[in-house]
Structure formats: C-alpha cells, structure tokens
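Trainee: Submitted below is the structure of interest, expressed as structure tokens.
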Amino acid sequence: MTEPARDLKGGLRVEPLTGDALIAALPRLAELRIAVFGAWPYLYAGDRAYEERYMRAYGESPGALVAGCFDGAEIVGASTAAPMEDHAREFAAPFQERGYDISEILYCGESVLLPEYRGHGVGHGFFDAREAHGRALGRRRICFCGVVRDPADPRRPKDYAPLDPFWRKRGYEKLDGLTARYAWREHGAREETEHEMQFWMRDL
1 MTEPARDLKG GLRVEPLTGD ALIAALPRLA ELRIAVFGAW PYLYAGDRAY
51 EERYMRAYGE SPGALVAGCF DGAEIVGAST AAPMEDHARE FAAPFQERGY
101 DISEILYCGE SVLLPEYRGH GVGHGFFDAR EAHGRALGRR RICFCGVVRD
151 PADPRRPKDY APLDPFWRKR GYEKLDGLTA RYAWREHGAR EETEHEMQFW
201 MRDL
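UniProt numbering numbers the first residue of the sequence shown as 1 and each following residue consecutively.
So this is what it looks like as structure tokens:
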C-alpha cells in the first residue's frame, strides 16, 4: 500500500520506496542503517550484506512500508513499518504473551536519518507516513521499541538527548514491563550480546 510523498522543510521530502526503486536503494539503505545505528545508543557494528537482506525483506512483505527521506535525488534517511506478524518473533512474542492480537498491530522497525538533516520535521514525516499506512491497513495499534541503556554508561555522549519527549508528543506511551531481547554485536566486541528493547505504543 503506497503513501503519497510528503514535502518537508529545507526541500526535503518523504516518499515510499517500492519495487525496483527499493531494490536499487538497498545499498544506500544499508549504509544509512550502519552509520546511524553505529552511534549511541545502539553502537551497532553492522554488516552490509546482512543489512541489504534485512531491508529486502520489507519489499517482500505486501503490508510493509519503506519510506525514504530525499534531499534531491539522494536518500538521507529511511523509516520502515510492517504488520507485526510479518516481523521477527522476538518482537511479536511479548505481545502475544500479554494477550494482544498481533494482527491488529503495525510494527515500526527503524527510523534512520543522517545527523545534519535532523530538526527539519523528518521525524514527524516518518511517523505521519507510518501511521497513515497502519490506518490504511485497518490496524488498530502501532508500536515500536528502543534499546534500554544505563544513563550512567560512560559511552553515553554528554549532549545525548533521549527521544522520549518526542515520542510522547506523538501520542506514544511506554508499555511498562513489555520488552524484548534482541542480539547484535557492538563496536569493539567480538560476539553478539542480547539487549533489552522497550516497547512504546498508541492507538490508531
């Protein structure tokens, strides 16, 4: 299901990537995920081949959305969403254990945006696109999760500002006690380690 393009400040625009356009964009989307998630709070040591496979799966899910943020012809950010039942079991299981009907939930995967393009309304553009997509699919709820980090972690940048206020402004609330465990390798580590992921959700 395709959402229309959205024009933002500074000449930026958010528009869906589908079909051949999505396939052509896979290397760039992999680069963006590795660059953005390599920073705090994820510290993710990404692998390009894995990232391309991961993003390609969105193109194979008929209910999925991949929205790109464009500066002219260049993709500088991206955001994803898919029916919860089409996503990783690690994310669906905690909801099923709480008695939620996952067929009513749209799961938002990631929003990645290069730092120099932040502050131009792209975050709102990404959420607008995903929420509209969820409504078009007939979903009743929309959710995402974020990594849980110790505020006293010495790796945390002094100027880091959590996104909690922004998420609450969009109507999302933290689901107390509803978390998942997901593994990835951090920079400087040899092995993958599990990380706690906190879910946030709102009604559509």
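In this text, a Cβ means the ideal position worked out from N, Cα and C, and glycines have one as well.
1. Helix or strand or just coil, what does DSSP make of H195?
2. Indicate whether the contact test is met: 3 or more Cβ pairs, each with one atom in the region 24-34 and one in the region 165-178, closer than 8 Å.
3. With a threshold of 7 Å between beta-carbons, can G121 be considered close to chain C, or not?
4. Would you call the region 113-130 and the region 74-87 touching, i.e. three or more CB-CB distances under 8 Å?
5. Determine the DSSP secondary structure at P154, reduced to helix, strand or coil.
6. Using three-state DSSP, classify S103 as helix, strand or coil.
7. Just checking, does the region 57-64 make contact with the region 83-99 on the three C-beta pairs under 8 Å criterion?
8. Would you say A132 and V14 are within 7 Å of each other, going by their C-beta atoms?
9. According to DSSP, is Y182 part of a helix, a strand, or is it coil?
10. In angstroms, rounded to a whole number, what distance separates the CA positions of P94 and W200?
11. Secondary structure at Y42, three-state DSSP: helix, strand or coil?
12. What does DSSP give as the partner residue(s) for M201 in the beta ladder?
13. Below 8 Å on the Cβ atoms is my guess for L204 versus Y117; work out the distance and round it to an integer in Å.
14. L22 to P151, Cα distance in whole Å?
15. If I measure Cβ to Cβ from T2 and keep anything under 8 Å in the same chain, skipping five residues before and after, which residues do I get?
16. For A81, which residues does DSSP report across the bridge?
17. Of the choices R139, R149, I102, whose alpha-carbon is the least far from that of A161?
18. What does the Cβ neighbour count give for G72, buried or exposed, with the cut at 16 atoms within 10 Å?
Mentor: Looking at the atomic coordinates:
1. Here residue 195 corresponds to residue number 195 of the sequence shown, with the count starting at 1. Strand, per DSSP.
2. no
3. Of the protein chains in this structure there is only one, and it is not chain C.
4. yes
5. Here the question's residue 154 lines up with position 154 in the sequence shown. Coil, per DSSP.
6. In the sequence shown, residue 103 corresponds to position 103, counting from 1. Looking at S103 - three-state DSSP - the assignment turns out to be helix.
7. yes
8. In the sequence shown, counting from the first residue as 1, residue 132 sits at position 132. In the sequence shown, counting from the first residue as 1, residue 14 sits at position 14. No, the pair does not count as a contact, with Cβ atoms beyond the cut-off.
9. Position 182 of the sequence shown, counted from the first residue, corresponds to residue 182. Three-state DSSP puts Y182 in a strand.
10. Here the question's residue 94 lines up with position 94 in the sequence shown. Here the question's residue 200 lines up with position 200 in the sequence shown. In a straight line, the C-alpha of P94 is about 12 Å away from that of W200.
11. If you number the sequence shown from 1, residue 42 lands on position 42. In this structure, Y42 counts as coil in the three-state DSSP scheme.
12. The sequence position of residue 201 within the sequence shown is 201, counting from 1. DSSP, once it has assigned bridges, lists C143, E173 as partnering M201.
13. Along the sequence shown, one-based indexing puts residue 204 at 204. Along the sequence shown, one-based indexing puts residue 117 at 117. The Cβ separation is near 27 Å, so there is no contact.
14. For the purposes of this step, residue 22 is taken as the residue at position 22 of the sequence shown. For the purposes of this step, residue 151 is taken as the residue at position 151 of the sequence shown. Rounded to whole angstroms, the separation of the alpha carbons of P151 and L22 is 37 Å.
15. Walking along the sequence shown from the start, residue 2 turns up at place 2. Since pLDDT at T2 reaches only 49, below the 50 mark, its modelled position is unreliable, and no value is offered.
16. By 1-based counting over the sequence shown, the position of residue 81 is 81. Under DSSP, A81 shares a beta bridge with L65, C108.
17. Your numbering for residue 161 matches position 161 in the sequence shown. A161 has its Cα closest to that of R149, out of R139, R149, I102.
18. Along the sequence shown, one-based indexing puts residue 72 at 72. G72 is exposed by the Cβ-count criterion.
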